Structures are given as structure tokens and as C-alpha cells.
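**Student:**
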Amino acid sequence: MEMKKRINLELRNRAPEEVTELVLDNCLCVNGEIEGLNDTFKKLEFLSMANVELSSLARLPSLNKLRKLELSDNIISGGLEVLAEKCPNLTYLNLSGNKIKDLSTVEALMEMKMMKKKRKMKLVHLKNMKKRRRKRRRMRMRMKMKQAQSWEREKRKWASHT
21 MEMKKRINLE LRNRAPEEVT ELVLDNCLCV NGEIEGLNDT FKKLEFLSMA
71 NVELSSLARL PSLNKLRKLE LSDNIISGGL EVLAEKCPNL TYLNLSGNKI
121 KDLSTVEALM EMKMMKKKRK MKLVHLKNMK KRRRKRRRMR MRMKMKQAQS
171 WEREKRKWAS HT
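Each position in the sequence shown, counted from 1, maps to that position plus 20 in the numbering used here.
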């Protein structure tokens, strides 16, 4: 289902000005951009666009009351500076599972966090980055090695008892 159609379904005969939460997960956006979402969603506080094949936030409207934004499992690799401008009250952001390769992409968000000392961004999820994947692999290998060593110890104990 396309994003525009999904927004119409989620409105459920309400005006966009009344909506405070909008969940658009698993719908498709054309050309990797937001469509159907506009400045009329003035009271929107929570927006979820997980797994919508989003690659750009350029068409994100001004959402001054938005506090929580879920953007996991998309193909976003940059352009996050738009969030500082369009969503000034953002306190929660999930970017896990995107194409972000290093933290320099998130610098604009850190600037936003520093500008507002009273309202700091509480959480920025950046799971599935390359470094973390390597770290997990190393930890799994260590666990396997420990299991193998303990198995060898157990075999030796049983061999000595017989």
C-alpha cells in the first residue's frame, strides 16, 4: 500500500489537525521520499515510518510538536540535518537498520542536542552499524571458544573417572 493511501486510512475520518499519533509502518513510499504528509498535522507528537523504503527526509514537513520519530529499517544514509530544522522538539529518534555508516552523519542531531540544554534528545538508536556487527561476531566467537574449552574439560574429567 502506498503512503498516501495509508495516511488516509490512518486518519479514520479525523482531520489532520486532530491527529497526535501516526503509524505508517510497512507501507511503500515512491522514490524513497515522504508523500501525503504535510504541515496540517500540527498536533502530531509520534510518527512511525519503519520499513517504508525511505531514503530521504527532504520532503518532511514542519512538525513542531513531534517528540518521537521511528525511522528504523529504511535506506537513509544522510540528510539528517532536516530534523533539527523541521522537528525542534524531537526527544526520541530510532535510526536502526538504516544505511548510516559513520557518526559524522549524525552530527547535525548532536548540534540540535547541544543547542537545547533543557530538552536533550534522550535516545538515538543507531543499531546495525558495521563496527557493532564486528563486535558481536567477536563476542559470539569467544562464546563458542569458551563452550569448546569447557566441553574439552568435561571430556577429560569423564576420561579420568573411567
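Note that CB positions come from ideal geometry on N, CA and C, so glycine has one too. Computed from a prediction, not measured in an experiment: that's the story for all the values here.
1) For Thr40, count neighbouring C-beta atoms within 10 Å of its own C-beta (all shown protein chains included) and say buried if the count is 16 or more, exposed if not.
2) What residue from Ser68, Asn118, Ile27 has the CA that sits closest to Glu90's CA?
3) Note down, in chain order, each residue of its chain lying with its Cβ closer than 6 Å to the Cβ of Leu143, except the 5 sequence neighbours on either side.
4) Would you kindly work out how many angstroms separate the C-alpha atoms of Thr60 and Ile120, rounded to a whole number?
5) For Leu64 and Lys85, what's the separation of their Cα atoms in angstroms?
6) Just to confirm, are Ile27 and Gly52 a CB contact at a threshold of 7 Å?
7) For Phe66, which of Lys25, Ser97, Lys88 has the nearest alpha-carbon?
8) Work out the CA separation of Leu44 and Pro81 for me, nearest whole Å.
9) Taking the straight line between their C-alpha atoms, what separation do you get for Thr125 and Leu100?
10) Express the C-alpha separation of Arg34 and Leu74 in angstroms, rounding to a whole number.
11) For Ser180, does the three-state DSSP call read helix, strand or coil?
12) Given that a residue counts as buried once 16 or more other Cβ atoms are within 10 Å of its Cβ, and exposed if not, what is Val183?
13) Quick check on Leu42: does DSSP put it in helix, strand or coil?
14) If Cys47 and Leu83 are in contact, beta carbons under 8 Å, what's the gap, nearest whole angstrom?
15) To which residues does DSSP link Asn71 through a beta bridge?
**Tutor:** Result, derived from the coordinates:
1) Residue 40 sits at position 20 when you count from the first residue of the sequence shown. It is exposed - the Cβ of Thr40 has fewer than 16 other Cβ atoms within 10 Å.
2) What you label residue 90 is simply residue 70 of the sequence shown in a count that begins at 1. Looking only at Ser68, Asn118, Ile27, the smallest Cα-Cα distance to Glu90 is reached by Ser68.
3) Counting from one through the sequence shown, the residue named residue 143 turns up at place 123. In this prediction, Leu143 scores a pLDDT of 49, lower than 50, which makes its location untrustworthy; the coordinate-derived value is nonetheless stated afterwards. Counting only Cβ-Cβ distances below 6 Å, and skipping sequence neighbours, we find Tyr112.
4) Locating residue 60 in the sequence shown gives position 40, counting from the first residue. Locating residue 120 in the sequence shown gives position 100, counting from the first residue. Going by the C-alpha atoms only, they are around 30 Å apart.
5) The count along the sequence shown starts at 1 and reaches residue 64 at position 44. The count along the sequence shown starts at 1 and reaches residue 85 at position 65. Approximately 6 Å between the Cα atoms of the pair.
6) Within the sequence shown, numbered from 1, the residue matching residue 27 stands at position 7. Within the sequence shown, numbered from 1, the residue matching residue 52 stands at position 32. Cβ distance not < 7 Å, so Ile27 and Gly52 don't count as in contact.
7) By 1-based counting over the sequence shown, the position of residue 66 is 46. Among Lys25, Ser97, Lys88, the Cα nearest to that of Phe66 belongs to Lys88.
8) By 1-based counting over the sequence shown, the position of residue 81 is 61. By 1-based counting over the sequence shown, the position of residue 44 is 24. The straight-line gap from Cα to Cα measures roughly 15 Å.
9) In the sequence shown, counting from the first residue as 1, residue 125 sits at position 105. In the sequence shown, counting from the first residue as 1, residue 100 sits at position 80. Spanning the alpha carbons of Thr125 and Leu100 requires a straight line of approximately 7 Å.
10) For the purposes of this step, residue 74 is taken as the residue at position 54 of the sequence shown. For the purposes of this step, residue 34 is taken as the residue at position 14 of the sequence shown. Cα to Cα, the separation comes out at about 26 Å.
11) Reading the sequence shown from its first residue, position 160 is the one you call residue 180. If DSSP states are grouped into helix, strand and coil, Ser180 belongs with the helices.
12) The structure shown does not extend to residue 183, since the chain is modelled only from 21 through 182, so no value can be given for it.
13) As a working mapping, residue 42 is identified with position 22 in the sequence shown. In the structure shown, Leu42 sits in a strand (DSSP, three-state: E or B).
14) Start at 1 with the first residue of the sequence shown, and residue 47 comes out as number 27. Start at 1 with the first residue of the sequence shown, and residue 83 comes out as number 63. 18 Å between Cβ atoms; not a contact.
15) Along the sequence shown, one-based indexing puts residue 71 at 51. None; Asn71 has no bridge partner.
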